[in-house]
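Participant:
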Amino acid sequence: MKHWTLDQIAWDAFDPSKVDPGILSLVKAAALVEKNGVDYAIYLNNVFTGDPDFRQAADNWAVEEVQHGDALGRWAEMADPGWSFDEAFARYRAGYKIDVKADASIRGSRTGELIARCMVETGTSSYYTALGESTEEPVLRQVCRLIAADEYRHFKLFYDHMKRYLAREKLSFPQRLRVAAGRIGESEDDELAFAYHCGNEPATLPYDHDRCMRGYMGRSMSYYRFRHIERGMGMIFKSIGLEPRGRLSDLAAKGAWKLLQWRRSKYAQAAGAANENAPARRAA
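Every number in the numbering used here is 42 more than the matching position in the sequence shown, counting from 1.
#1: Could you please give the first and the last residue of the uninterrupted alpha helix (DSSP H) stretch that includes N87?
#2: For a quick check, are the C-beta atoms of E193 and S176 less than 7 angstroms apart?
#3: So, do the stretch 120-134 and the stretch 188-206 have three or more beta carbon pairs nearer to each other than 8 angstroms?
#4: Report the CB separation of V142 from I51 in whole angstroms; it is logged as a contact under 8 angstroms.
#5: Do you know whose CA, among A100, K296, A223, D81, lies nearest E233's CA?
#6: Given this structure, state the Cα-to-Cα distance separating F127 from N242, to the nearest angstrom.
#7: Which residues in the same chain have their Cβ closer than 8 angstroms to the Cβ of Y207, if we skip the five residues on either side of it in sequence?
#8: Near G283, what residues of its chain come up, given a Cβ to Cβ distance below 7 angstroms and the 5 sequence neighbours on each side ignored?
#9: If we call anything under 7 angstroms between Cβ atoms a contact, is V75 one with A237?
#10: Quick one: grab the DSSP three-state call for F56.
#11: Within 10 angstroms of the Cβ of R323, are there 16 or more other Cβ atoms? Answer buried if so, exposed if not.
#12: What do you reckon, are the CB atoms on A83 and D101 nearer than 7 angstroms?
#13: Would you tell me roughly how many angstroms separate the C-alpha atoms of M43 and F200, rounded to the nearest one?
#14: What's the gap between the Cα of S67 and the Cα of A295?
#15: Given this structure, state the Cα-to-Cα distance separating N78 from A235, to the nearest angstrom.
#16: Which same chain residues, not among the five before or five after K280, have their C-beta less than 6 angstroms away from its C-beta?
#17: CB-CB under 8 angstroms to L290, same chain, minus the five flanking residues each way: which ones, in chain order?
#18: Cα separation between W299 and M263?
#19: Could you give the uninterrupted runs of the beta strand (DSSP E) lying entirely in the stretch 180-257, keeping only those of 3 residues or more?
#20: Taking the CB atoms as reference points, tell me whether A158 and C240 lie closer together than 7 angstroms.
#21: Taking DSSP as the reference, what is the three-state secondary structure of L284?
#22: Where does P123 sit, in a helix, a strand or coil, going by DSSP?
#23: Whole angstroms is fine: what's the gap from A99's alpha carbon to H203's?
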């Protein structure tokens, strides 16, 4: 069962004067990624053959993910009446695909797969919390709050199943850490960059991963605050079997915050350099 529906959102409270163009570009990209949840459910159903409880949970999860995409897409169309969610999603589906025919986890085990899912939900719950707290537009604030709560609940869903499989497969701490670190590193793959392209750039402009990654990451990182990183680090620690609160977690959060600030500066510098070189490329 869905925990909320689109009809429960106060769409009439939409205030176009409070729309932030930077946040709008991120919402457009997020809507496409969330809407694509059905493919991930197919993949998870294949990986977890013989586990009807988890497969049902994965199907329910996908329904909620698609609803997230629909809510974000509807808001983006209100914020930019010339933008079509359906058209952007069709482009995204045509150009980005996951292997839905896989019959085993790409993480090497079912426990690893569930740890990876925990990493994703950690990231999304923090992300939508950050966006919701940054926007002044009341409808988007409500949508982000609802989605963030869902993503945190999804984290618990995958975490509970992960513990069940960990008791069987007994992945060592280094193995769990490797999966978690690997999935975090995948945040810069084509899933988000291509979504940013399809959501914000014309179809006539060829896709360029580096350009789109600069656009997406350069904007998204600016909305995070230390409290978002600190909470996310606690969830990561919990997923890999460490104490989520304590000196080690605090140190890791501070380190992650410094890294985020450094990367944000690097993306800003790269974007500035790209803008400076653009007239030269056009002149050539």
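Note that CB positions come from ideal geometry on N, CA and C, so glycine has one too.
Facilitator: In terms of the structure at hand:
#1: Note, N87: alpha helix (DSSP H), 79-89.
#2: Cβ atoms of E193 and S176: not closer than 7 angstroms.
#3: Touching, no.
#4: Actually they are not in contact, since the Cβ atoms of V142 and I51 sit about 30 angstroms apart, beyond 8 angstroms.
#5: Measuring C-alpha to C-alpha distances from E233 to each of A100, K296, A223, D81 identifies D81 as the nearest.
#6: Looking at the two C-alpha atoms, the distance is approximately 11 angstroms.
#7: S151, R152, T153, L156, listed in sequence order.
#8: The beta carbon of G283 is closer than 7 angstroms to those of F215, R218 in its chain, skipping five residues each way along the sequence.
#9: Closer than 7 angstroms, so yes.
#10: Coil at F56, not helix or strand.
#11: Because the pLDDT of R323 is 39, which lies under 50, any placement of that residue in the model is unreliable, and the question is left without a value.
#12: Result yes, Cβ atoms of A83 and D101 sit closer than 7 angstroms.
#13: Because M43 sits at a pLDDT of 49, beneath the cut-off of 50, its placement in the model cannot be relied upon, and the following sentence gives the value as read from the coordinates. The straight-line gap from Cα to Cα measures roughly 17 angstroms.
#14: Their Cα atoms are separated by approximately 27 angstroms.
#15: The straight-line gap from Cα to Cα measures roughly 14 angstroms.
#16: In its chain, beyond the 5 residues on either side, P286 have a beta carbon closer than 6 angstroms to the beta carbon of K280.
#17: Within the same chain, L290 has close Cβ partners F279, L284.
#18: Roughly 10 angstroms between the two C-alpha positions.
#19: At a cut-off of 3 residues, not a single continuous stretch assigned as beta strand (DSSP E) sits fully inside the stretch 180-257.
#20: With respect to the 7 angstroms criterion, A158 and C240 are not classified as neighbours on the basis of their beta carbons.
#21: In the structure shown, the three-state DSSP call for L284 is coil.
#22: DSSP places P123 in coil when its eight states are reduced to three.
#23: A99 and H203 have their alpha carbons spaced roughly 10 angstroms apart.
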